[in-house]
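Heads up, the sequence shown is in the working numbering, so the first residue is 1402 and it goes up one at a time. From the three backbone atoms N, C-alpha and C, an ideal C-beta is built for every residue, glycine too.
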Amino acid sequence: MLRLELRKSHSLDCGRWFCHRLPGIQPYQRAGDSFQAMIYQQHLDGINRSCQGRRKGIGAATVQQYFEGQLRRRARQDHPRQCPQILGIDEHFFTRKKGYATVFCDLKNHRIYDVTLGRSGAALESYFLALEGKQLFRVVCMDPAAVHRSIVRKHFPKAVIVADCFHVIRLINRHFLACWREMDPAGSKHRELISLMRRHRHNLKSEQNLRLLAYLAGRPALDVIYRFKQRLCYLLLKKHKTRRECQKLIPRFLRAVAELRQSGLTHLIALGDTLTWSDEIARVWRFTRANGITEGFHNKMATITRQVFGFRNFENYSHRVQVLCSQMVLGLSFAPVVGDQPSDGLVAGGGFEPPTFGL
């Protein structure tokens, strides 16, 4: 134990007595910052509270207190409250009891900006009303969800909405597979055919392409729909286009949406109605940012949850996600859990240019 004696100072202006703060020692703390930082890092590496408390001669509750204090401090230091210019919005499952959480990702700096409970407009209303600096948002990347779209238009009127290309392609595949199930119920249950139907044409090997063409040869109606789906996906996969190039692509996209609405098939008509987000989807050709960064953070958030055997405290989960899902610790490796009692706080190439098809 280190005992320090300090002189008290007296202010002649206000008459108050005070002691000068020593570097590395916070007020009303029985341990220095270096010791608490060591406890934080060891707890983060997987040593649980009871085992760490026995090794250091402190209680398990003290270990949790030091860990949460360091976690909150790092969350404040690494994540300033200034709103990012390019924001990604997506939902993420938290628990059965509390439901889903909405994730806000800073796509420019590759880090999680914030996580809040709820995904409906009513659940997020109070959060957006208390959010400061909303006028700083310039671009919002999101999946084609009407709830998120209405929220962004209401609270971020100056922001430009960009549809996430990954979700749009997945939506097209979902409606196409549903239409395929109606046309050929037996063939749509074949695992190999399902895999071939989902892929882009440039991802198929030569023998896989031959098997798929042999299957479609006996089903001309399905062959027409499949080729239309491939052309539409290739149209939406185009990136880094200039304004003049986008003007040439817009009529092709609008013509494809009109053909979907006039197809006479239920699922394709529903797809055509969904693709009425023409402005948001067309911006994919110009804007390079996508919500793939947010989807990657979802995998890391799931890893964090599995490492601690689930969360009950959402505030603890939010702080941990903000700290661990930052740019500085993206390569962080998790060590196996050491100890006897698991608890809620355990954690201690070149590109390919696809061929162009005319619509």
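Span of the beta strand (DSSP E), counted from its first residue to its last, around residue i
i, result
"Cys1542", "Val1540 to Met1543"
"Ile1818", "A query on residue 1818 cannot be resolved here, the shown segment of the chain reaching from 1402 to 1760 and no further."
"Val1685", "It is not in any beta strand (DSSP E) - Val1685 carries neither H nor E in the DSSP assignment."
"His1411", "Lys1409 to His1411"
"Val1553", "Careful: Val1553 lies outside any beta strand (DSSP E), inside the alpha helix (DSSP H) at Ala1547 to His1556."
"His1493", "Ile1487 to Thr1496"
"Ala1564", "Val1561 to Ala1564"
"Asp1507", "Gly1500 to Asp1507"
"Phe1419", "Trp1418 to Cys1420"
Close beta carbons around residue i, own chain, < 8 Å, minus the five adjacent residues each side
i, result
"Val1658", "Gly1673, Leu1676, Thr1677 and Ser1679"
"Gln1483", "Gly1534 and Leu1537"
"Cys1647", "Ala1683, Trp1686 and Arg1687"
"Ile1424", "The sequence shown places Pro at residue 1424, not Ile. Answer for Pro1424: no residue qualifies."
"Tyr1627", "Phe1577, Met1598 and Leu1617"
"Lys1606", "none"
"Asp1585", "Arg1620 and Leu1623"
"Lys1409", "Trp1418, Phe1419 and Cys1420"
Residue i, buried or exposed, once every other Cβ within 10 Å from all chains shown has been counted against 16
i, result
"Trp1581", "buried"
"Leu1413", "exposed"
"Thr1667", "exposed"
"Asn1717", "buried"
"Ala1531", "exposed"
"Glu1604", "A small fix is needed here, since residue 1604 is Asn in this sequence, not Glu. That one is exposed."
"Thr1695", "buried"
"Phe1712", "buried"
"Gln1708", "buried"
"Ala1587", "exposed"
"Ser1527", "exposed"
"Met1543", "buried"
"Gln1437", "buried"
"Gln1443", "buried"
"Leu1611", "exposed"
"Ala1691", "buried"
"Glu1492", "buried"
"Leu1405", "exposed"
Sequence-distant residues of the same chain with beta carbon closer than 6 Å to residue i, five excluded per side
i, result
"Val1516", "Ala1502, Val1504, Ser1719 and Val1722"
"Arg1602", "Gln1631"
"Phe1577", "Lys1630"
"Arg1475", "Val1724"
"Gly1454", "Gly1460, Ala1461 and Val1464"
"Leu1733", "Low local confidence applies: a pLDDT of 44 at Leu1733 is under 50, so the model's placement there is unreliable, and no value is given."
"Ser1589", "Trp1581 and Arg1582"
"Phe1495", "Ala1502"
Span of the alpha helix (DSSP H) around residue i
i, result
"Phe1529", "Gly1522 to Ala1531"
"Glu1406", "Note, Glu1406: premise wrong, no alpha helix (DSSP H); not H, not E."
"Gln1442", "Asp1434 to Asp1446"
"Phe1712", "Unbroken run through Phe1712: none, as it is neither H nor E."
"Cys1452", "Arg1450 to Lys1457"
"Ile1626", "Pro1621 to Leu1637"
"Gln1663", "Counting along the chain, Gln1663 falls outside any alpha helix (DSSP H), and DSSP gives it neither H nor E."
"Ile1426", "Unbroken run through Ile1426: none, as it is neither H nor E."
8 Å contact criterion, which residue i and residue j should meet: CB distance rounded
i, j, result
"Pro1545", "Leu1572", "6 Å"
"Arg1684", "Val1561", "7 Å"
"Lys1499", "Phe1715", "7 Å"
"Gln1471", "Tyr1441", "4 Å"
"Glu1681", "Ala1564", "4 Å"
7 Å CB neighbourhood of residue i in its chain, flanking five on each side removed
i, result
"His1556", "Phe1529 and Lys1535"
"Ile1705", "Arg1721, Val1722, Leu1725 and Val1748"
"His1641", "Thr1689"
"Arg1417", "none"
"Leu1407", "Cys1420 and His1421"
"Ile1651", "Ala1683"
"Val1730", "Confidence at Val1730 is low in this model, with a pLDDT of 44, below 50, so its placement is unreliable and the value that follows should be read with caution. Excluding sequence neighbours, Val1730 sits near nothing in its chain."
"Leu1669", "His1576, Cys1580 and Leu1661"
"Gly1693", "Phe1567"
"Asn1574", "Arg1599"
"Glu1754", "For Glu1754, the pLDDT reaches just 39, beneath the cut-off of 50, and the residue's location in the model is therefore unreliable, leaving the point undetermined."
"Ser1664", "Ile1670"
Residue i beta carbon near the ligand MN (any heavy atom closer than 7 Å)
i, result
"Leu1532", "Ligands in the displayed structure: none, and consequently the ligand MN is not present."
Any 3 or more C-beta pairs closer than 8 Å across the region 1548-1560 and the region 1512-1525: Touching, yes.
Contact the region 1425-1442 vs the region 1462-1474: 3+ CB pairs below 8 Å: Counting C-beta pairs with one atom in each stretch, the region 1425-1442 and the region 1462-1474 have three or more that are closer than 8 Å, which means they touch.
Three or more C-beta pairs below 8 Å linking the region 1613-1622 and the region 1632-1644: By the Cβ criterion, the region 1613-1622 is not in contact with the region 1632-1644, since fewer than three pairs of Cβ atoms, one from each stretch, lie closer than 8 Å.
Inter-stretch contact at 8 Å, needing at least 3 Cβ pairs: the region 1536-1548 / the region 1487-1499: Segment contact: the region 1536-1548 against the region 1487-1499, three or more CB-CB distances shorter than 8 Å; contact assigned.
Contact between the region 1699-1707 and the region 1610-1619 (3+ Cβ pairs under 8 Å): Under the three-pair Cβ rule at 8 Å, the region 1699-1707 does not count as touching the region 1610-1619.
Inter-stretch contact at 8 Å, needing at least 3 Cβ pairs: the region 1586-1599 / the region 1556-1570: The region 1586-1599 is not in contact with the region 1556-1570.
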